[in-house]
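Peer 1:
In the working numbering, the protein residues as written are 76 to 237.
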């Protein structure tokens, strides 16, 4: 019986060791500063600080990869999570979004933070700095609403000038 248990333990440890050699790519692609959110839209410094603190790990090319992102299978989950976050919204690529897409993303940002869906609850235990206070949420929502209005006015003016 003891031999069987030791074989199982050895097998699990061997498997855990082998999977460490299969690492996903943890990327932080180069950033074109001219395409970032702050370069493309007026963002008050307090809102910029909140977004950077609470959102950039998953929604920019400025991910701070924690030590545990080197441990499999956790790394697979984290890399997939960051890649999915960047696909959905990437503040490093804000300038590549059309005005219509920006308008929609601003609405989503406001809805997600006001609804408590972002930042993800699963992210917060190890990243307490990302937790949004009611004041943070109000600041993001107010900025997003003002930026949507600015975009709408700019697009209406551009349409009228044609």
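Quick reminder that beta carbons are idealized off the backbone N, C-alpha and C, glycines included.
(1) Is it buried or exposed for residue 184, if we count other Cβ within 10 angstroms and need 16 for buried?
(2) Quick one: Cα of residue 119 to Cα of residue 199, how far?
(3) Please classify residue 179 as buried or exposed, where buried requires at least 16 neighbouring CB atoms within 10 angstroms.
(4) Using a Cβ-Cβ cut-off of 8 Å (strictly less than) and excluding sequence neighbours within five positions of residue 174, which residues of its own chain qualify?
(5) So the alpha helix (DSSP H) residue 134 belongs to, where does it begin and stop?
(6) What residues in its chain sit with their C-beta under 7 Å from that of residue 121, if we drop five residues either side in the sequence?
(7) Leaving out five residues before and five after residue 222 in sequence, what residues of the same chain have Cβ atoms less than 7 Å from its Cβ?
(8) With distances taken from CA atoms, which of 196, 102, 187, 96 is nearest residue 147?
(9) Which term fits residue 237, buried or exposed, when burial requires 16 or more other beta carbons within 10 angstroms of its beta carbon?
(10) Closer than 6 Å by C-beta to residue 211: which residues in its own chain qualify, once you throw out the five before and the five after it? Chain order, please.
(11) Quick check on the DSSP output: the alpha helix (DSSP H) that includes residue 155 runs from which residue to which?
Peer 2: Checking against the coordinates, here is how it stands:
(1) By one-based count along the chain shown, residue 184 stands at place 109. Looking at its Cβ environment, which holds 16 or more other Cβ atoms inside 10 Å, residue 184 is buried.
(2) The residue given as residue 119 occupies position 44 in the chain shown. The residue given as residue 199 occupies position 124 in the chain shown. Straight through space, the alpha carbons of residue 199 and residue 119 are spaced by roughly 24 Å.
(3) Within the chain shown, the letter at position 104 stands for residue 179. Sixteen is the threshold: since fewer than 16 other Cβ atoms of the shown chains lie within 10 Å of the Cβ of residue 179, the residue is exposed.
(4) Here residue 174 refers to the residue found at position 99 of the chain shown. Taken in chain order, the residues that qualify are 226, 229, 230.
(5) Here residue 134 is taken as the residue at index 59 of the chain shown, counted from 1. Taken as a continuous stretch (DSSP letters only), the alpha helix (DSSP H) holding residue 134 covers 120-134.
(6) Residue numbering aside, residue 121 sits at position 46 when the chain shown is read from its first letter. Within the same chain, residue 121 has close Cβ partners 214.
(7) Working through the chain shown from its first residue, we reach residue 222 at position 147. Non-local C-beta neighbours of residue 222 in its own chain, meaning closer than 7 Å and more than five positions away in sequence, comprise 116, 181, ordered along the chain.
(8) Numbered from its first residue, the chain shown carries residue 147 at position 72. Of the listed residues, the one whose Cα sits closest to residue 147 is 96.
(9) Translated into positions along the chain shown, residue 237 becomes position 162. Because residue 237 sits at a pLDDT of 48, beneath the cut-off of 50, its placement in the model cannot be relied upon, and the following sentence gives the value as read from the coordinates. In the assembly as shown, residue 237 is an exposed residue. Its beta-carbon has fewer than 16 other beta-carbons within 10 Å.
(10) The residue you call residue 211 lines up with position 136 of the chain shown. The answer, listed in chain order, is 125.
(11) Locating residue 155 in the chain shown gives position 80, counting from the first residue. Counting along the chain, the unbroken alpha helix (DSSP H) around residue 155 starts and ends at 149-163.
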